[in-house]
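As structure tokens, the structure follows; a few thoughts come after it.
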């Protein structure tokens, strides 16, 4: 029953991902019943058992027919799944643990101990419910991954835009992706420039600039630019599909104890059934003992020989340990890894969302030209008021945290891969008290490319500050103020550098202590795997005391690294990477 349920759950999940996805949803009531079928059976069994036991053996207030009804309900509900499994195996000419458990329960009833038989079936069904719960979580995790990919895509055929199902795309089709949409395919950008949020696939915390000839992945989120993408991989061959298959394969793995039970169950079943038959036949035929006495002893042997503790305790103990780990912030992806924890010598962490919070925050404010930190945040925060970019949101959050009043620009432009510019009809005040006359003023925030495109030369001193922040693994942005009329201080004040703002994915407060605790517990090597660039990765590794760093990785490359580490010693992977 248990092995069969695992197989069925995994196959169902595989069909959901690789094939065309269903357009409808099962009703919530039926879905609830289906996903908790074993739990409902266990509950019915327990209620019937308690009614029969309390109303019969304990208080005696129930009539015999009511007790018999409760017993039948308990046996039917508790034995349903096991009986179905036993019948399937019997059709194949085999007897398994399901058959043995059903036989033991019937044997208990035959010797007048129906409560023990019902209790046995309840525990057996409850263990199935616990396993069903674990499989349901697996199914939902795989569905969540599958939902990252859109169902439809817009393509250009014969000069016209056509919307078709993603599964109907062909190699070489040109897919059109608008700002804010998820990419439906893996491919190469053939037209357009944009910043792509690749965190669902690579774990990179900062959106990545993509232009012509750059590779992009299904499931990632387009930024502010429109893109045309040539399909390089079909839906079932995309990087996202590979990730889903890797999750499926990991979930199919069973613990060594469970593998032992699978090998042990069939020969043990035959041995117990054979011993039970001999316990009936030998005393009856050769010792002339009454058949009722020999049957009683044989049924007692059958009940005692049922490996209830081993079968029931294995999934229960594994799930109990997994739950205890979850309460402590540790997620085990399967029981096989749980049993190997004591042997672990290497722990590999995914960076984004595990060691870090998974979103950028302002780390540095570096004012220049007599501006203050508050000035830099006021100007930058006001300029980003209409921005939907992660970095813009981080700047506004920092300004609001410090109680800085922000103004909304009259015009806003996001320049993919470069930065932003925001226009104001009236000048923004400076802390040194000088306010320009009414005019249009522009605030620029971005990298070197933005100011090169605006023909603004940056001094070596300014470049040095930006390079220093970049080497620390941070995204450095220069804030510049420009007036469209002649400044009263002279034309040389037309461009005015306000200062730098740097953002980075912030490290979790408990991360450093966790790494130190692992070293103290005997873990020899702690590694970090990330899709971020080398500078970002090495900066975080130094801060946390991590031994090894692997950067610029795609998901399949992370798997290769983990496999390589596993060949060198027992390895645990922590995170969702």
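Numbering (our numbering), first residue to last: 181 to 757.
Think of the CB as a built atom: it goes at the ideal place given N, C-alpha and C, for glycine as much as any other residue.
- Rounded to the nearest whole angstrom, the C-alpha separation of residue 714 and residue 528 is 17 Å.
- The beta carbon of residue 716 sits closer than 6 Å to those of 653, all from its chain and outside the five residues before and after it, given in chain order.
- DSSP, reduced to helix, strand and coil, places residue 331 outside both helices and strands of the structure shown, so it counts as coil.
- Here residue 281 carries a helix assignment [DSSP, helix/strand/coil].
- A distance below 7 Å between beta-carbons, with the five flanking residues on each side excluded, links residue 305 to the following residues of its chain, in chain order: 218, 221, 222, 225, 258, 261.
- The residue among 674, 249, 623, 399 with its C-alpha nearest the C-alpha of residue 735 is 399.
- With respect to residue 535, residue 684 sits apart: the two C-beta atoms are not nearer than 7 Å.
- The continuous beta strand (DSSP E) containing residue 675 extends over residues 675 to 687.
- Residue 598 sits in coil when the DSSP states are folded into three classes, being neither helix nor strand.
- DSSP places residue 219 in the uninterrupted alpha helix (DSSP H) bounded by 217 to 232.
- The secondary-structure analysis by DSSP pairs residue 261 with nothing; it has no beta-bridge partner.
- With a 10 Å radius around the Cβ and a threshold of 16 neighbouring Cβ atoms, residue 386 comes out buried.
- Secondary structure note for residue 631: its alpha helix (DSSP H) is the uninterrupted segment 628 to 633.
- The closest CA to that of residue 579, considering only 599, 542, 598, 570, is found on 542.
- Take residue 604, set aside five residues on each side of it, and the residues of its chain with a beta-carbon closer than 6 Å to its own are 589, 621, in chain order.
- Check the Cα spacing between residue 704 and each of 731, 745, 722, 674: the tightest is with 745.
- DSSP lists 396, 411 as the bridge partner or partners of residue 367.
- Of the residues assessed, residue 350 falls on the exposed side of the cut-off, its CB having fewer than 16 other CB atoms within 10 angstroms.
- Looking only at 464, 328, 297, 531, the smallest Cα-Cα distance to residue 719 is reached by 531.
- Spatial neighbours of residue 600 in its own chain (CB-CB distance under 8 Å, excluding positions within 5 residues in sequence) are listed in chain order as 563, 564, 567, 569, 572, 592, 593, 594, 624, 625, 626.
- Fully contained in the stretch 536 to 595 are the following beta strand (DSSP E) runs of length 3 or more, in chain order: 536 to 547, 591 to 595.
- When the Cα atoms are used, residue 253 and residue 229 turn out to be separated by approximately 9 Å.
- Shortest Cα-Cα distance from residue 560 to any of 550, 549, 574 involves 574.
- In the structure shown, residue 390 adopts extended strand secondary structure according to DSSP, grouped into three states.
- Short of 6 Å from the beta carbon of residue 523, and not among the five residues preceding or following it, lie these beta carbons of its own chain, in chain order: 750.
- When C-beta atoms of the stretch 336 to 350 are compared with those of the stretch 374 to 382, fewer than three pairs fall below 8 Å, so the two segments do not count as touching.
- Minimum Cα-Cα distance from residue 712 among the listed residues 367, 420, 380, 598 corresponds to 380.
- According to the DSSP assignment, residue 642 belongs to the alpha helix (DSSP H) that extends over 640 to 651.
- In the DSSP assignment, the residues bridged to residue 344 are 333.
- Bounds of the beta strand (DSSP E) holding residue 655 are 655 to 663.
- In the three-state reduction of the DSSP assignment, residue 357 falls in the strand class.
- Spatial neighbours of residue 288 in its own chain (CB-CB distance under 6 Å, excluding positions within 5 residues in sequence) are listed in chain order as 296, 297, 483.
- With a threshold of 16 other beta carbon atoms within 10 Å, residue 340 falls short and is exposed.
- By the criterion of a C-beta distance shorter than 7 Å, residue 392 is surrounded in its chain by 369, 370, 371, once the five residues flanking it on both sides are discounted.
- When secondary structure is reduced to three states using DSSP, residue 694 falls in the helix class.
- Between the beta-carbon of residue 342 and that of residue 332 there is about 10 Å, and that puts the pair past the 8 Å contact cut.
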